[in-house]
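To start, the structure itself, in structure tokens.
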Amino acid sequence: MTLTLRHITREEISARLSHAVLLSPVRQAMIAYSAGKAALAAQVLFPAPGADVHIKSAVLPGAPIFTVKLAGWSERLKADTGSGHSGLILVCDSRTCQPLALLRDGHLISDYRTGAAGALAGHSCLSAGAVDAALLGAGTQARHQVQALAQLREIRSLRIWARRPEAAKSLAAALQAELPASRVSVEGTPSEAMRGAGLVVAATAARAPLFHAEDVKPGQTVISVGADDEIKCELPPGLFSRADKVFTDSLGQARAYGNAARALSSGLAEAELGMQELGAAWASNDRLRNNEHQVIVCSLTGLGVQDLAAVSTLFNWETPRTNSAPAQKTG
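In our numbering, the protein residues as written are 35 to 365.
Here's what the structure looks like:
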């Protein structure tokens, strides 16, 4: 039997998407992955100078579909169109492996599910109440991180730093309009933005650490979502040895990509990192901070099972559920 391949446009996807709708599915997907219920494959390719493409697929037993995603970035595309992102997701029938749908999302689902993962990580690693946050970066993902976090927390203040001051000012104005009760400002250096913040979120394409390990103070939670391949790095290796707790979405990917991989290559032993997967931690405890003085680091590289969860939710395909309750907004 040959099935007609359904083509789903970015506009159709955008009409269904919200940060709120993906929080619980992404969390459940990460728990399922850490419980060994999901099979993933991930590969990063560099087809040309200034271009990379992430290929991620995922299977969950009992799910009626599986997904294969291509998410690209190109400096040439950014120069031509103003946005360097591209992407699509192929949806297949789990029983027959036949393609069912092609989602031309242009990286949109990746943006939203990464925002959800970062917000969930920050929420679980903070003390209760409103949060003072620092945002390093002013691109698309930086904005998604704040918008998703606002679904779970009251953001009392937000200080933004970016390599391009004009981008930081533009994002600050946009977020101030979206969050009128928050105090949004722009700072001149990462350390200035981080000073006094309970939560530090890094969402950049940096290839070298954005700050020094000593810039992180007791009680701070640091989330990195931009270092998702073997080239990128946002966090200093020394921060991993200073942190009281280190979390990631995938131990396997963390060993190969991003901040943790850079720390390991610098000579830090994996035992010294003490990394745990967030999904495993959430399975037994929603709140991961034990006291007000801990330094907690979350280095996220992105999971194909998050894409599968998002597609399943948006288009009403059944997904396996865990017994864990979704996170609730506090503050």
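Don't be surprised by glycine CBs; every beta carbon is placed ideally from N, CA and C.
Does residue i come out as helix, strand or coil in the three-state DSSP assignment?
i, result
"residue 203", "helix"
"residue 312", "helix"
"residue 187", "strand"
"residue 345", "helix"
"residue 215", "coil"
"residue 165", "strand"
"residue 222", "coil"
"residue 145", "helix"
"residue 98", "coil"
"residue 255", "strand"
"residue 274", "helix"
"residue 39", "coil"
"residue 88", "strand"
"residue 240", "coil"
"residue 266", "coil"
"residue 193", "strand"
Measure how close the beta-carbons of residue i and residue j come, nearest whole angstrom, since I'm counting them as under 8 Å.
i, j, result
"residue 73", "residue 93", "4 Å"
"residue 238", "residue 55", "26 Å between Cβ atoms; not a contact."
"residue 245", "residue 258", "About 11 Å separates the two Cβ atoms, so there is no contact after all."
"residue 309", "residue 339", "With 8 Å as the limit, residue 309 and residue 339 do not qualify as a contact, their Cβ atoms being about 18 Å apart."
"residue 42", "residue 147", "Wrong, their Cβ atoms sit about 16 Å apart, outside the cutoff."
"residue 123", "residue 341", "6 Å"
"residue 209", "residue 180", "6 Å"
"residue 282", "residue 334", "7 Å"
"residue 105", "residue 121", "4 Å"
Name the residue from the options whose alpha carbon lies nearest to the alpha carbon of residue i.
i, options, result
"residue 109", "126, 261, 286, 87", "87"
"residue 268", "279, 256, 278, 275", "256"
"residue 99", "253, 131, 47, 151", "131"
"residue 162", "189, 146, 181", "189"
"residue 319", "154, 184, 53", "154"
"residue 47", "149, 68, 91, 141", "141"
"residue 298", "321, 313, 270", "270"
"residue 53", "183, 69, 40", "183"
"residue 186", "201, 202, 106, 159", "159"
"residue 329", "66, 295, 107, 274", "274"
"residue 228", "242, 253, 296, 240", "253"
"residue 62", "316, 321, 288", "316"
Please report the distance separating the alpha-carbon of residue i from that of residue j.
i, j, result
"residue 265", "residue 234", "22 Å"
"residue 300", "residue 285", "18 Å"
"residue 38", "residue 64", "31 Å"
"residue 292", "residue 133", "32 Å"
"residue 174", "residue 327", "31 Å"
"residue 359", "residue 325", "Since pLDDT at residue 359 reaches only 46, below the 50 mark, its modelled position is unreliable, and the value read off the structure follows with that caveat. When rounded, the distance between both Cα atoms is 23 Å."
"residue 58", "residue 215", "26 Å"
"residue 272", "residue 127", "45 Å"
"residue 144", "residue 213", "23 Å"
"residue 76", "residue 345", "18 Å"
"residue 302", "residue 84", "30 Å"
"residue 164", "residue 262", "29 Å"
"residue 113", "residue 151", "29 Å"
"residue 95", "residue 331", "31 Å"
"residue 219", "residue 40", "45 Å"
Three CB pairs or more closer than 8 Å across the region 162-172 and the region 188-203
yes
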